[in-house]
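Enquirer: Just dropping this structure here.
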Amino acid sequence: MTTLAMLTYDDALERFEPVIGLETHVELGTATKMFCGCPTEFGAEPNTQVCPVCLALPGALPVANKAAIEATIRIGLALNCSIATWCRFARKNYFYPDMPKNFQISQYDEPLCVDGWLDVEVDGETVRVEIERVHLEEDTGKTLHVGGATGRIHGATESLVDYNRAGIPLVEIVTKPVVGTGGKAPLVAKAYVTELRDVIRSLGVSDVRMEQGSMRCDVNTSLSKPGAEWGTRTETKNVNSLRSVERAVRSEIIRQANVLEAGGKITQETRHFHEDTGETTSGRSKETATDYRYFPEPDLVPLAPDPAWVAELKAALPEPPRVHRKRLQDAWGLADAEMQAIVNAGAVELIEATVAAGTSADGARKWWLGELARRANEAGVELGAMNVTPAQVAQLQQLVDEGKLNDKLARTVLEGVLAGEGDPAAVMAARGLEVVSDTGALEKAVDEAIAANPAIADKIRSGKVEAAGVLIGAVMKTTRGQADAKTVRELIIARLG
Ligand SMILES: [Zn+2]
Numbered sequence: 001m002t003t004l005a006m007l008t009y010d011d012a013l014e015r016f017e018p019v020i021g022l023e024t025h026v027e028l029g030t031a032t033k034m035f036c037g038c039p040t041e042f043g044a045e046p047n048t049q050v051c052p053v054c055l056a057l058p059g060a061l062p063v064a065n066k067a068a069i070e071a072t073i074r075i076g077l078a079l080n081c082s083i084a085t086w087c088r089f090a091r092k093n094y095f096y097p098d099m100p101k102n103f104q105i106s107q108y109d110e111p112l113c114v115d116g117w118l119d120v121e122v123d124g125e126t127v128r129v130e131i132e133r134v135h136l137e138e139d140t141g142k143t144l145h146v147g148g149a150t151g152r153i154h155g156a157t158e159s160l161v162d163y164n165r166a167g168i169p170l171v172e173i174v175t176k177p178v179v180g181t182g183g184k185a186p187l188v189a190k191a192y193v194t195e196l197r198d199v200i201r202s203l204g205v206s207d208v209r210m211e212q213g214s215m216r217c218d219v220n221t222s223l224s225k226p227g228a229e230w231g232t233r234t235e236t237k238n239v240n241s242l243r244s245v246e247r248a249v250r251s252e253i254i255r256q257a258n259v260l261e262a263g264g265k266i267t268q269e270t271r272h273f274h275e276d277t278g279e280t281t282s283g284r285s286k287e288t289a290t291d292y293r294y295f296p297e298p299d300l301v302p303l304a305p306d307p308a309w310v311a312e313l314k315a316a317l318p319e320p321p322r323v324h325r326k327r328l329q330d331a332w333g334l335a336d337a338e339m340q341a342i343v344n345a346g347a348v349e350l351i352e353a354t355v356a357a358g359t360s361a362d363g364a365r366k367w368w369l370g371e372l373a374r375r376a377n378e379a380g381v382e383l384g385a386m387n388v389t390p391a392q393v394a395q396l397q398q399l400v401d402e403g404k405l406n407d408k409l410a411r412t413v414l415e416g417v418l419a420g421e422g423d424p425a426a427v428m429a430a431r432g433l434e435v436v437s438d439t440g441a442l443e444k445a446v447d448e449a450i451a452a453n454p455a456i457a458d459k460i461r462s463g464k465v466e467a468a469g470v471l472i473g474a475v476m477k478t479t480r481g482q483a484d485a486k487t488v489r490e491l492i493i494a495r496l497g
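In structure tokens:
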């Protein structure tokens with residue numbers, strides 16, 4: 001192959017148009033599994049939440065979970081879908097070591113919800129992402145590869161299977177191809193997954209935690225020359241953070257553009273996204289629907305949701321997150337751009353919870369969009385994954401409001417909170433960081449500062465009060481930043497004025 005200059009993202013967008021599609025799996029938070037009564041709690045000892053049905057022992061028969069069906073219909077309704085009046089489960093046949101039946105009960109040509117849409121905001125513009133289908137299926141178990149450095153199968157010495165997750169109800173939400181977004185495609189993908197997460201969370205049907213795998217996203221990307229037919233797509237699997245959704249699309253656009261520009265072909269395949277490098281690598285070549293030999297599940301009766309029940313569910317839907325955000329924006333008195341910054345930072349709920357814990361919107365916003373956003377960015381993690389709760393942020397700001405901490409000390413206290421040393425008040429006490437405003441303790445430091453800086457003291461005596469800054473600085477230094485600057489200033493003026 002001849003060596004060509006590497007195309008950048010902007011080069012890629014000049015030559016090609018991206019088409020993206022998103023398939024999102026959401027584990028429902030039902031108390032029991034999809035087709036049996038096993039509990040679904042996360043983090044239990046391996047293979048303790050299993051029974052003959054979810055282990056697929058001979059003769060065991062599935063029974064559909066009504067709560068899961070209801071949750072799926074509510075998701076479909078919140079995404080403006082039509083709800084089927086009659087549909088069936090199907091067997092999707094394939095071998096996978098963590099799937100005991102060697103088929104997955106899913107839905108194929110008869111999904112529960114079809115033809116919806118979700119509006120998302122990108123750079124102040126509304127983009128309508130059309131939803132092709134929302135269907136219900138069961139999750140697989142989990143394979144753990146041990147003995148290797150990466151936890152992946154390469155280099156592992158053995159693989160262990162945990163069936164606790166096998167049979168947990170899983171909703172799959174598939175978009176139609178999203179076209180015409182150009183260079184904004186990665187942002188649209190991220191905005192969609194974010195909005196979808198917020199919608200599902202507002203319904204209370206899943207905790208939608210990407211880092212725990214209760215929400216997982218596969219991202220399809222293809223490129224085509226303007227006006228030409230759509231190119232071959234790749235499917236980047238299990239992208240497990242919102243940030244990675246954006247990065248995965250971006251890196252796949254760059255990779256495909258370079259392959260195509262060099263005269264190569266894109267292979268229809270699954271790819272794995274690597275958090276560390278921000279790049280994707282080839283997985284397996286993608287099956288087509290016929291490889292799965294779908295057929296209607298003979299052990300389950302068809303689903304026929306009563307339209308009156310569906311209408312009831314629709315009438316009881318909560319306020320959509322977009323409407324909720326607008327209400328918060330008004331309550332917090334923010335301009336559109338200010339609210340957008342909060343949305344972009346993924347901080348709406350964090351700030352809402354911080355305000356609810358008893359601080360002002362401005363105070364909450366200052367921490368989440370300032371110091372915490374900076375640290376999250378440096379660490380390459382989501383804001384919500386930082387080791388601090390909204391209640392702790394509220395307490396931190398209250399200590400500032402009460403004059404017990406200044407901004408600098410508060411940042412040091414926050415460091416302690418992030419390091420797991422406890423609540424802000426406890427960190428402040430344990431590290432002795434409280435602002436010293438007690439005049440007796442400060443007078444000595446002020447006298448020392450005056451004695452050490454006689455020329456400055458003379459200036460102040462002659463009326464140049466602005467020179468007091470030097471003495472305040474000196475007092476701050478001897479008190480390790482813990483003096484209350486206002487009190488120090490008053491003491492200096494009183495001594496020399
Ligand atoms: Zn079971």
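Note that full-length UniProt numbering gives residue 297 to position 297 of the sequence shown, counting from 1, and the numbers run on in steps of one.
By construction, the Cβ of each residue, glycine as well, lies at the ideal position given by its N, Cα and C atoms.
#1: Which partner residues of S224 appear in the DSSP bridge assignment?
#2: With ligand 1 as the reference, list in chain order each residue whose Cβ lies under 5 Å from any of its heavy atoms.
#3: Work out the CA separation of K101 and S222 for me, nearest whole Å.
#4: Would you mind working out which of V179, L170 and G180 sits nearest V208, comparing C-alpha positions?
#5: Taking 8 Å as the CB-CB cut-off, is I460 touching chain C?
#6: To which residues of the same chain is N387 closer than 7 Å at the C-beta, ignoring the five residues directly before and after it?
#7: Who are the Cβ neighbours of K459 in its own chain at under 7 Å, not counting the five residues just before and after it?
#8: So, for R91: in the same chain, excluding its five sequence neighbours on each side, which residues have a beta-carbon less than 7 Å away from its beta-carbon?
#9: Taking the beta carbon of T277 as the centre, do at least 16 other beta carbons fall within 10 Å, making it buried, or is it exposed?
#10: Near F42, what residues of its chain come up, given a Cβ to Cβ distance below 8 Å and the 5 sequence neighbours on each side ignored?
#11: Are there 16 or more other CB atoms within 10 angstroms of the CB of P226, so buried, or fewer, so exposed?
#12: Tell me, which residues are paired with E122 by DSSP?
#13: How would you write the range of the alpha helix (DSSP H) that H324 sits in, first residue to last?
#14: So what does DSSP say about A304, is it helix, strand or coil?
#15: Looking only at its own chain, which residues have a Cβ that is under 7 Å from the Cβ of K314, when we skip the five neighbours before and after it?
#16: When you compare only the Cα positions, how much space is there between N344 and L57?
#17: Taking C-beta to C-beta, are L405 and V435 nearer than 8 Å?
#18: What does the Cβ neighbour count give for W367, buried or exposed, with the cut at 16 atoms within 10 Å?
#19: Between G151 and the rest of its own chain, which residues show a CB-CB distance below 7 Å, the 5 nearest in sequence each way excluded?
#20: Output the distance between the C-alpha atoms of G148 and E45, rounded to the nearest integer angstrom.
#21: Going by DSSP, what residues sit across from M215 in a beta bridge?
#22: Between the Cα of V400 and the Cα atoms of D362, A373, A451 and A449, which residue gives the shortest distance?
#23: Locate the beta strand (DSSP E) running through E235, then write down its first and last residues.
#24: Which ranges would you report for the alpha helix (DSSP H) in the stretch 33 to 92 if only whole runs of at least 4 residues count?
Expert: According to the structure shown:
#1: In the sequence shown, counting from the first residue as 1, residue 224 sits at position 224. Beta-bridge pairing links S224 to E17.
#2: Having a Cβ closer than 5 Å to some heavy atom of ligand 1 are C36, C38, C51, V53 and C54.
#3: Against the sequence shown, residue 222 aligns to sequence position 222. Against the sequence shown, residue 101 aligns to sequence position 101. Cα to Cα, the separation comes out at about 34 Å.
#4: For this step, residue 208 is matched to residue 208 along the sequence shown. V208 has its Cα closest to that of L170, out of V179, L170 and G180.
#5: Of the chains in the structure shown, none is chain C; there is only one protein chain.
#6: Counting from 1 along the sequence shown, the entry for residue 387 is found at position 387. Here the set comprises L418 and G420.
#7: In the sequence shown, counting from the first residue as 1, residue 459 sits at position 459. For K459, where only same-chain residues beyond five positions count, the Cβ hits under 7 Å are A467.
#8: Counting from one through the sequence shown, the residue named residue 91 turns up at place 91. Cβ neighbours of R91 beyond the five flanking positions: F103, I105, Y294, F295 and E297.
#9: Residue mapping note: residue 277 aligns to position 277 of the sequence shown, counting from 1. Result: exposed.
#10: Stepping through the sequence shown from its first residue, residue 42 is reached at position 42. Closer than 8 Å at the Cβ level, and outside the excluded window around F42, lie Q212 and S214.
#11: Mapped onto the sequence shown, residue 226 falls at position 226. With fewer than 16 Cβ atoms within 10 Å of its Cβ, P226 is classed as exposed.
#12: For the purposes of this step, residue 122 is identified with residue 122 of the sequence shown, where counting begins at 1. In the sequence under discussion, the amino acid at residue 122 is Val, which differs from the Glu named in the question. DSSP lists E125 as partners of V122.
#13: Taking the first residue of the sequence shown as 1, we reach residue 324 at position 324. H324 -> alpha helix (DSSP H) spans P321 to W332.
#14: For the purposes of this step, residue 304 is taken as residue 304 along the sequence shown, with counting starting at 1. A304: coil per DSSP, three-state reduction.
#15: The sequence position of residue 314 within the sequence shown is 314, counting from 1. Counting only Cβ-Cβ distances below 7 Å, and skipping sequence neighbours, we find L77.
#16: In the sequence shown, residue 344 corresponds to position 344, counting from 1. In the sequence shown, residue 57 corresponds to position 57, counting from 1. Using only the alpha carbons, I get a separation of about 48 Å.
#17: The residue you call residue 405 lines up with position 405 of the sequence shown. The residue you call residue 435 lines up with position 435 of the sequence shown. For L405 and V435, yes; Cβs fall inside 8 Å.
#18: Counted from its first residue, the sequence shown places residue 367 at position 367. So W367 counts as buried.
#19: In the sequence shown, the residue the question calls residue 151 occupies position 151. Cβ within range, chain order: H145.
#20: Taking the first residue of the sequence shown as position 1, residue 148 is located at position 148. Taking the first residue of the sequence shown as position 1, residue 45 is located at position 45. CA-CA distance, G148 to E45, rounds to 22 Å.
#21: The residue labelled residue 215 in the question sits at position 215 within the sequence shown. DSSP, once it has assigned bridges, lists V26 as partnering M215.
#22: Locating residue 400 in the sequence shown gives position 400, where the first residue counts as 1. With distances taken between Cα atoms, V400 lies closest to D362.
#23: Position 235 of the sequence shown, counted from the start, is the residue given in the question as residue 235. Its beta strand (DSSP E) spans residues T234 to V239.
#24: List check, alpha helix (DSSP H) in window: 66 to 78.
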